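With our numbering as the guide, the letters of the sequence shown map in order to residues 170 to 462.
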Amino acid sequence: MNCRAPGWPCPVPPSPRRAVSARGPGVRAVRASGAAWHAEPLDRLWAVPAAEQVARALNGGQDLLFLEVTLTGTVRETTGDCLLADCAGLPLRLATAHDDPSLPHRDNLRLLAAARGSRLRIVARLVPEPLPRALLLAVEHPTDPAARVDLGLDRLRHADLPAGAVAPPAEAAPTADEVPLHLLRRRVHQAVSGGRRVLASAGSVSGDAVRLRRLGLATAGDLLDDLHAAAADRSRDAFGRLLPADTDHFARAWLAAAVYTDAVERALCAGGWGAATTGTPSSEPSSATLARG
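Listed below in structure tokens is the structure:
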């Protein structure tokens, strides 16, 4: 809420929760248009190259991306249709930010697919994956550069699209050779949700580790073996009774796997965007190095 003009005191009585109260004869609401995306100070957000924005996000900065893209079509994925765009020569996938059917995210994305060839400014949130991908949050209006559309609140109509716009059929997503890091990542997540007991009884452990090593991720295979060994490690005393579990050993094994997974995911994401990140290893670290760290 914007009261009067900047610099003037606002005669709005505060509520007991320190929020702005809507009571009192002096309360007035003023509608403000806000700053245009093509005017300062917002224009400078889109002047930063995409690779620099991604590097900032991967290095711990804010993960919002301000990109200028050309819409090129749609692709069908297992989770639904995904908008394809060209970002300075980089193929980019734009997915819905929320799957709630009561929100207009998915309907807006389908309509934007009909505006193929349109060059628009967008605001998206980075998704750290090997292929350039982001969650689409807001977009410049397809026919009115002075307006913008919040894809979770505003609902686009066909009349908002350029004349003659027709949505192309969604193409099947091409099969890509992806790094099977999920074999380690899912075990890291299972340890968080279910504890060491889940990992101690999990099957197909050796097969996952062999697959990781076969595809060049020897450290990932070693870390997976170490994680399961630490989860299942229960020694017995001279009378055959179970000794207390070595929780420190399991915690170190889990932390090494989690740190490795995060580092590799960041490196793969940075490589897809052509971004540089601090602390990205030039070669795969060994499991012993991660355990010591």
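Just so it is clear, CB atoms sit at the ideal spot from N, CA and C, and this is done for glycine as well.
Predicted, not measured: the structure shown is a model, and the values here were computed from it.
L280 sits in a helix when the DSSP states are folded into three classes. If only uninterrupted beta strand (DSSP E) runs of at least 3 residues are considered, none is enclosed by the stretch 373 to 454. Assignment of G203 by DSSP, reduced to helix, strand and coil, places it in the coil class. Around the CB of D377, 16 or more other CB atoms lie within 10 Å, so the residue is classed as buried. Note that the C-beta distance between V379 and A426 is not below 9 Å. If you ignore the 5 residues before and after P297, its C-beta comes within less than 6 Å of the C-beta of E434 and C438, all in its own chain and listed in chain order. Counting only residues of its own chain and dropping the five nearest sequence neighbours on each side, L300 has a CB closer than 6 Å to the CB of G441. Secondary structure of L261 (DSSP, three-state): strand. Among the bridge pairs identified by DSSP, E246 is matched with G249. Annotation: E298 is outside any beta strand (DSSP E) and is labelled neither H nor E by DSSP.
By the Cβ rule, the stretch 233 to 240 counts as touching the stretch 285 to 294, because three or more pairs are nearer than 8 Å.
For R383, the closest alpha carbon among the candidates L396, V348, R366 and T248 is that of V348. Annotation for L214: F235 place their beta carbon closer than 7 Å to its own, counting only its chain and skipping 5 residues before and after. Judged by beta-carbon spacing, G242 lies within the 9 Å limit of L253, meaning their Cβ atoms are closer than that value. In this structure E246 is exposed. Its beta-carbon is surrounded by fewer than 16 other beta-carbon atoms within 10 angstroms. In terms of CA proximity to H274, R324 leads the group V428, A282, W206 and R324. For V292, the secondary structure class from DSSP, reduced to helix, strand or coil, is strand.
The C-beta of A208 has fewer than 16 other C-beta atoms within 10 Å across all chains shown, which makes the residue exposed. Taking the Cα of H351 as reference, the smallest distance to any Cα among T430, S202 and V361 is reached at T430. A205 sits close to A315, with the two beta carbons spaced by under 9 Å.
Two segments are said to touch when three or more pairs of C-beta atoms, one from each, lie closer than 8 Å; by this definition the stretch 396 to 403 touches the stretch 413 to 425.
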